[in-house]
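Report on the following structure.
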Amino acid sequence: MSRSSHSWDAAREVAAALGEACLGEPIELPLAESAGLRLAAEVLAPAPAPAVDVSAMDGWVVAGDPPWRLGPAVPMGAAPGPVLTDGHARPVSTGGAVPSGADAVLRSEDGRVGDDGLLHGVRPNAGRDLRRRGEELAVGDRLARLGDALTPARIALLAVAGIDMVPVRPRPSCAVLVTGDEVIGAGLPGAGRVRDAYTPSVPALVASLGGRVLVADRVGDGAGALERRLRELDGEADVVVTTGGTARGAGDRVRDAVEASGGRLHVSGIDLRPGHPTLLATTGSGTPLVGLPGNPLAAFVAMASFLAPLVRAAAGAPVGAARPVVEAVDVASHPRDTLLVPFRRVDGRIEATRWRGAAMLRGLADADGLLVVGPAGTGVRELALPWAHDRA
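Start counting the sequence shown at 1095; every next residue gets the next number (the numbering used here).
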């Protein structure tokens, strides 16, 4: 085991390194199946875009001075056809291929066909409403970089460029084990009971990080129960997440279960409030394990702080960093520990939540982010929440 307690920043580095160590091998997927994944290589344009000169408006392609003698319409989806000579025009729709020799496009509203059968209008400036070949992309232009997310806009760009298959990193899979005999899955918790806050929420959080939850189970406190489940799951998922049982009380068994099942503790406690009992470990087969505290705010702080960089790194995504806060923050620092406090921005100022106890979720549910208050006045940073939040 490594030293008994890590700083918040050091623990994040360990988490990212554990994620990088289980980065999945690249796979090729059809573009339509790649949404949300990360590219495993840069993608270059295989052809120019547009592939030929095209019209940017409905109207007529024209050459020379008016009036213009009309030829047949440019058919959509067809080759440009013969050279357009001076004094001639052809009807064209937006996106239609433009024949060579065309000077510009005369828009529909700017021209008219007279009784003489000729097209009349003011000659447009050269090049008006023409999209030239290669105007957006030249062969070899970089469309996306290694690690870029395949967003809807990027997928559309790759499709326009003629890409069919993309090299991506697979989504890392997670197994979530919620421990505790006191945990119930539905209804109002009675005396001594608590609701399972994690089975319904962690899958969406993991998905926002680029992963997927493969297994979500509850495990009782019986002797050996967690150890047996860790052995059964070992190798089935890329990341294991446990909740509860990470403190050092008589009923807290995660440390013992990890080591008894052949695993290794890398971080066994963090100089952090809330979330001090968070564990980072590997199972017997080397699978990363994040042991979350049982208290809800402490667990979500730990997920934002440590599960997020681990899963992102395993998905081939940038880990991200906490950013300096320039606004005044009315939160006193702790002599030794880093404090993480949910906050909102209200009228251009930061308001730290007053619901900051380790078991309180009310402040986090409305938060815009987490304040990272360094120990002994070492500065305040802002950590983005890994899930999207909409307060509209």
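The C-beta atom is built at its ideal place from N, Cα and C for all residues, glycine as well.
Following the DSSP letters along the chain, one finds Pro1297 inside the alpha helix (DSSP H) bounded by residues 1296-1302. Residue pairing for Phe1437: DSSP places it in a beta bridge opposite Ala1446, Gly1463. In the DSSP annotation of this structure, the continuous segment of the alpha helix (DSSP H) that includes Arg1349 starts and ends at 1348-1354.
One alpha carbon belongs to Leu1465, the other to Gly1473, and they sit about 10 Å apart.
Beta-carbon to beta-carbon, Val1262 and Ala1141 are separated by about 22 Å, too far to satisfy the 8 Å threshold.
In the three-state DSSP reduction, Trp1154 falls in the strand class (E or B). Three or more Cβ pairs closer than 8 Å define a contact, and the region 1123-1133 meets that threshold against the region 1248-1256.
Under the DSSP assignment, Pro1246 falls outside any beta strand (DSSP E), being part of the alpha helix (DSSP H) whose first and last residues are 1246-1254.
Between Ala1375 and Val1352, the beta carbon gap of about 5 Å places them in contact (Cβ cut-off 8 Å). At a Cβ-Cβ threshold of 8 Å, Val1435 and Val1425 count as neighbours. Thr1377 has no beta-bridge partner at all, per DSSP. When beta bridges are read from the DSSP output, Val1277 appears opposite Val1288. Put simply, the backbone Cα of Leu1433 is about 8 Å away from that of Pro1469. In this structure, Pro1144 lies away from Leu1213, with their beta-carbon atoms at least 8 Å apart.
Annotation for Ala1220: Asp1197, Ala1198 place their beta carbon closer than 8 Å to its own, counting only its chain and skipping 5 residues before and after. Annotation: Glu1229 is outside any beta strand (DSSP E) and is labelled neither H nor E by DSSP. Contact check between the region 1300-1316 and the region 1326-1345: three or more CB pairs, one atom from each, fall below 8 Å, which counts as touching. Taking a cut-off of 8 Å for Cβ pairs, the region 1146-1160 and the region 1108-1120 do not touch, as fewer than three such pairs fall below it.
Around the beta carbon of Pro1185, 16 or more other beta carbons lie within 10 angstroms, which makes this residue buried. Here Leu1178 really is in contact with Val1155; their C-beta atoms are around 6 Å apart, less than 8 Å.
In the displayed model, Pro1193 falls within coil according to three-state DSSP, outside both helix and strand. A residue is called buried when at least 16 other Cβ atoms come within 10 angstroms of its Cβ; Ser1379 does not meet this threshold and is exposed. Under DSSP, Glu1476 forms a beta bridge with Arg1417, Leu1465.
Taking the Cα of Arg1226 as reference, the smallest distance to any Cα among Phe1437, Leu1138, Ser1149 is reached at Ser1149.
The beta carbons of Arg1265 and Gly1305 sit closer together than 8 Å. Burial state of Gly1171 is exposed, judged by a 10 Å Cβ sphere holding fewer than 16 other Cβ atoms.
Secondary structure at Met1170: coil, using DSSP grouped into helix, strand and coil. Annotation for Val1207: Leu1213 place their beta carbon closer than 6 Å to its own, counting only its chain and skipping 5 residues before and after.
Going by C-alpha positions, Thr1377 is about 59 Å away from Thr1188.
Boundaries for Gly1113: no beta strand (DSSP E) harbours it, while the alpha helix (DSSP H) harbouring it runs 1102-1115, taken from the DSSP string. Excluding the 5 residues flanking it on each side, Leu1327 has same chain C-beta neighbours closer than 7 Å at Ala1269, Val1309, Val1334, in chain order.
Among the bridge pairs identified by DSSP, Val1207 is matched with Leu1213.
Beta-bridge partners assigned by DSSP to Pro1382: Thr1376. In the displayed model, Glu1122 falls within a strand according to three-state DSSP. The DSSP-derived three-state label of Met1259 is strand. Around the CB of Asp1210, fewer than 16 other CB atoms lie within 10 Å, so the residue is classed as exposed.
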